[in-house]
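Take a look at the structure below.
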Amino acid sequence: MKKTWMFKALGGVAWMIFSVGPLWGQANFYEGKTITVTIGAKSGSLEIAAQVVAHHLGKYLPGKPAVIVQHVPGAAHLLATNNVFNISKPDGLTILAANPNVAIAQLSKVEQVRFDVRKFQWLGSSGADGVMFSIRSDLPYKSFDELKKADKELVAGTTGPGSNAHDFPLLLKEFAGLKLKLVSGYPANSDVLLAVERKEVDAYSALGTTIKLAADRGAVRPLVRGRVAVPGFENLPVDEDLATSPLGKSLMSIKALPLAIGRAFAAAPSTPADRVALLRDAIAKVLKDPELLAEAKKAKIDMQYISHEQVQKDFTALLNQTPETLKEMGKYIKAES
Numbered sequence: 138m139k140k141t142w143m144f145k146a147l148g149g150v151a152w153m154i155f156s157v158g159p160l161w162g163q164a165n166f167y168e169g170k171t172i173t174v175t176i177g178a179k180s181g182s183l184e185i186a187a188q189v190v191a192h193h194l195g196k197y198l199p200g201k202p203a204v205i206v207q208h209v210p211g212a213a214h215l216l217a218t219n220n221v222f223n224i225s226k227p228d229g230l231t232i233l234a235a236n237p238n239v240a241i242a243q244l245s246k247v248e249q250v251r252f253d254v255r256k257f258q259w260l261g262s263s264g265a266d267g268v269m270f271s272i273r274s275d276l277p278y279k280s281f282d283e284l285k286k287a288d289k290e291l292v293a294g295t296t297g298p299g300s301n302a303h304d305f306p307l308l309l310k311e312f313a314g315l316k317l318k319l320v321s322g323y324p325a326n327s328d329v330l331l332a333v334e335r336k337e338v339d340a341y342s343a344l345g346t347t348i349k350l351a352a353d354r355g356a357v358r359p360l361v362r363g364r365v366a367v368p369g370f371e372n373l374p375v376d377e378d379l380a381t382s383p384l385g386k387s388l389m390s391i392k393a394l395p396l397a398i399g400r401a402f403a404a405a406p407s408t409p410a411d412r413v414a415l416l417r418d419a420i421a422k423v424l425k426d427p428e429l430l431a432e433a434k435k436a437k438i439d440m441q442y443i444s445h446e447q448v449q450k451d452f453t454a455l456l457n458q459t460p461e462t463l464k465e466m467g468k469y470i471k472a473e474s
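Sequential numbering from 138 applies to the sequence shown in our numbering.
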């Protein structure tokens, strides 16, 4: 009887050791280590969001590792993405703060692409970005329908092909019937907005946060939004609903998906599954952290957790295009350069 009890007790102890062993192992692995968040931007909302997440991520990982941000600019985020996919050791110590538009580059078969976004270990996203089309607030048009009936052609200022400032109004012109003339070459979105305020151009498209700030001070009037709703402008018509052809709707969907994915984080392919699980859990928890949310609010960055499953699903959908759509896509959508 005593022997039976002893064997059961020893068996229970052994089971406990083996069951918690992996957790101990991961705690020991991360303790004293540094996680590097690699990003292809030196500024902007994507970079600010990565910094905010990095400030707080370590406390949600076993061993509480340090977390730093590494800037690897070049080739519209392709250099940073290539590095994490091909060069970084897949040990859970390198995280890519991805620009989801790199999937457009992959879809467009850009020569510098050395990755497949479907093979990354996606960890989740810190929030989606909306995009809006706006006109000067002094113009008489109060709605998309009124603008569509306008007699004169409006001038839309843009930075260049591949940007939201260019592609969003271009698709509205080609597939929703807006009378627009696109003038490209502005160095940055801020320069386009300045041109709007000087009445050099009539229309301006950008990320929702940027347009909202301009609208709040009376510079522009938003008339159309993308799939991702911008707080306060949820009732605007959605570009995909305005498309007059299946091709137009497909192309608008292609542009919408990276925005819906938002500021996604990834580990390299072949990163051990247990470390990927820890990183996914940490991303989910940190994006609910009150201190992080306060810091993000101060930086005017809207943080909203998007699951790794949803990120993976959206990337897969983005790359799953018909041959007909791919053939036409190059005429209207370019990878950023």
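Glycine residues also receive a C-beta, built at the ideal position from the N, C-alpha and C atoms. This one's a predicted model, so the numbers in the text were calculated from it and none came from an experiment.
Secondary structure remark: continuous beta strand (DSSP E) runs of at least 3 residues inside the segment 272-343, in chain order: 291-294, 317-320. CA-CA distance, residue 292 to residue 425, rounds to 42 Å. Contact annotation, residue 349 with residue 367: C-beta distance approximately 6 Å; criterion of less than 8 Å satisfied. Judged by DSSP in its simplified three-state form, residue 233 adopts strand.
For the set 347, 429, 391, the Cα lying nearest the Cα of residue 471 is the one of 391. Contact check for residue 345 against residue 266 passes: the beta carbons are separated by less than 8 Å.
Going by C-alpha positions, residue 280 is about 20 Å away from residue 304. Around the beta-carbon of residue 451, 16 or more other beta-carbon atoms lie within 10 Å, marking it buried. Taking residue 404 as reference, the option from 257, 318, 313 with the minimal CA-CA separation is 257. Each of 193, 330, 455, 185 was checked against the Cα of residue 428, and the nearest Cα belongs to 193. DSSP places residue 269 in the strand class (E or B) of the three-state scheme. In terms of Cβ geometry, residue 343 and residue 397 do not form a close pair [threshold 8 Å]. With respect to the C-alpha of residue 400, the residue from 170, 171, 189, 226 having the closest C-alpha is 189. Judged by DSSP in its simplified three-state form, residue 173 adopts strand. Out of 245, 263, 415, the CA that lies nearest to the CA of residue 388 is found in 245.
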